[in-house]
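J.:
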Amino acid sequence: MSISVRDPAPYDRVEYADDAGESERAVHPRRVVVAAAVATLAVITGPLTAALLGFVDRVPVEEDSGLTPLAERVLDELPGAYESDGHVVVPAGTDPGVAWTGDVPPGRVDGWLVELGVNGLAPYGYLPAHGATPSWLFDVGPADQVYSDVGPLSFACMRWPGLAECSGALLMEHDGAQYVFRSGLGVEVLRDQVLSYRALEGGLPTQLVLGALPPGAVGAMVNFADDGGQIAARLSAPRGAGGETIWWLSVIDPVESVAFVDSDNDVVAEVSVAN
Numbered sequence: 001m002s003i004s005v006r007d008p009a010p011y012d013r014v015e016y017a018d019d020a021g022e023s024e025r026a027v028h029p030r031r032v033v034v035a036a037a038v039a040t041l042a043v044i045t046g047p048l049t050a051a052l053l054g055f056v057d058r059v060p061v062e063e064d065s066g067l068t069p070l071a072e073r074v075l076d077e078l079p080g081a082y083e084s085d086g087h088v089v090v091p092a093g094t095d096p097g098v099a100w101t102g103d104v105p106p107g108r109v110d111g112w113l114v115e116l117g118v119n120g121l122a123p124y125g126y127l128p129a130h131g132a133t134p135s136w137l138f139d140v141g142p143a144d145q146v147y148s149d150v151g152p153l154s155f156a157c158m159r160w161p162g163l164a165e166c167s168g169a170l171l172m173e174h175d176g177a178q179y180v181f182r183s184g185l186g187v188e189v190l191r192d193q194v195l196s197y198r199a200l201e202g203g204l205p206t207q208l209v210l211g212a213l214p215p216g217a218v219g220a221m222v223n224f225a226d227d228g229g230q231i232a233a234r235l236s237a238p239r240g241a242g243g244e245t246i247w248w249l250s251v252i253d254p255v256e257s258v259a260f261v262d263s264d265n266d267v268v269a270e271v272s273v274a275n
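So the sequence shown is numbered by my numbering: it starts at 1 and just counts up by one.
Below, the structure is given as structure tokens:
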């Protein structure tokens, strides 16, 4: 079962802070699932809705849920596991099989840590496991649609030992510490491609798209496929992540391209997305 929140107004307004601490405003799509709105819905409609959104430990599995037997077993046996839009989500923070090792020291981050406002989703088994993991969990595969919620995601330009320049990485948070989720995101890739990752916002699966502004650009406009409109991406502090300005957006609709604009709102570059 899935739950969607709809509103007649197509856009919302969100705020973010620049490196001077002043608040700027950016257009954010209502098609992006907003956690606060979902939480409000849960309060209004009561415990059943909260359970469906994963705010309680268990979600009853309907007979016609379409889940595989392994997915149902995960839902029944792992702490905090819940179903969302056909996925079974397991919070990594309460998963007894996950081994949290190799946290990132703050000194390895060049510039600012850019908090992205979504949680990361990874295929179950992607995170390191320790010896206490039940053997049956190793049989969970792509067809089971089981994912680990790895916690809040941030972008950072990390300095690795022996390398002169920092490299882009997605970090995940657990117990106040940061761990590498994805690494090796070079500057050339960030400027020339739109990177996309599974994410979780407000208890619902979504896609995180991100990249870096090319020279001369001060903003990024995300164009949706099938004439789905255009939305301004969120931005980090200017050149705040290893000298790069990071743009990102959480979406559920297919993205066709991203146009980069200058201070006069003229397009200086555009990147197409292969769907």
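Note that beta-carbon positions come from the ideal geometry of N, C-alpha and C, so glycine has one too.
Keep in mind that this is a model prediction, so the values were computed, not measured.
State yes or no: is the C-beta of Glu201 nearer than 7 Å to some heavy atom of the ligand HEM?
T.: The ligand HEM is not among the ligands present in this structure, which contains no ligands whatsoever.
J.: Could you spell out where the beta strand (DSSP E) holding Leu349 opens and where it closes?
T.: Past the boundaries of the shown model lies residue 349; the chain is included only from 1 to 275, so the question cannot be answered.
J.: Going by other Cβ atoms of all chains shown within 10 Å of its Cβ, with 16 needed for buried, is Asn119 buried or exposed?
T.: Asn119 should be labelled buried.
J.: Candidates Ser84, Ala225, Asp139, Gly107: which alpha carbon is nearest Pro161's?
T.: Here the closest residue by C-alpha is Gly107.
J.: Starting from Pro152, follow its DSSP beta bridges and name the residues at the other end.
T.: Asn119, per the DSSP bridge assignment.
J.: Short of 6 Å in beta carbon distance, which residues of its chain neighbour Ser196, apart from the five on each side in sequence? Order them along the chain.
T.: Excluding positions up to five away in sequence, the list reads Gln207, Val209.
J.: Between Val140, Asp192, Ser135, which has its C-alpha nearest Leu67's C-alpha?
T.: Checking every option, the nearest Cα to that of Leu67 belongs to Val140.
J.: Throw me the rounded Cβ distance for the Val180 and Ala169 pair, which I believe falls under 8 Å.
T.: Sure, about 6 Å apart at Cβ, within 8 Å.
J.: Around the Cβ of Leu70, are there at least 16 other Cβ atoms within 10 angstroms (buried) or fewer (exposed)?
T.: When all chains shown are included, Leu70 counts as buried.
J.: Within 10 Å of its beta-carbon, does Thr40 have 16 or more other beta-carbons around it, so buried, or fewer, so exposed?
T.: Because the pLDDT of Thr40 is 35, which lies under 50, any placement of that residue in the model is unreliable, and the number read from its coordinates should be weighed accordingly. Thr40 comes out exposed.
J.: Per DSSP, Glu270 is paired with what?
T.: Bridge partners of Glu270: Ala259.
J.: Which residues mark the beginning and the end of the alpha helix (DSSP H) in which Leu70 is found?
T.: That run of the alpha helix (DSSP H) goes 69-77.
J.: Since Leu190 is in the alpha helix (DSSP H), which residue starts that stretch and which ends it?
T.: From DSSP, the alpha helix (DSSP H) with Leu190 extends over 187-192.
J.: Give me whichever residues DSSP pairs with Tyr179 in a beta bridge.
T.: Bridge partners of Tyr179: Met172.
J.: From this set, Ser135, Pro105, Trp112, Gln145, which residue's C-alpha is nearest Val90's C-alpha?
T.: Of the candidates Ser135, Pro105, Trp112, Gln145, the one whose C-alpha sits nearest the C-alpha of Val90 is Gln145.
J.: Please name the residue in His174, Leu127, Pro134 whose C-alpha comes closest to that of Val74.
T.: Checked all of His174, Leu127, Pro134; the closest Cα to Val74 is Pro134.
J.: What does Thr133 pair with, by DSSP beta-bridge criteria?
T.: According to DSSP, which records beta bridges pairwise, Thr133 is partnered with nothing at all.
J.: Which value, in whole angstroms, describes the spacing of the CA atoms of Gly151 and Tyr82?
T.: Each residue's alpha carbon lies about 15 Å from the other.
J.: DSSP on Arg198, reduced to helix/strand/coil?
T.: Looking at Arg198 - three-state DSSP - the assignment turns out to be strand.
J.: For a test of the three-state rule: what should DSSP assign to Gly219, helix, strand or coil?
T.: DSSP places Gly219 in strand when its eight states are reduced to three.
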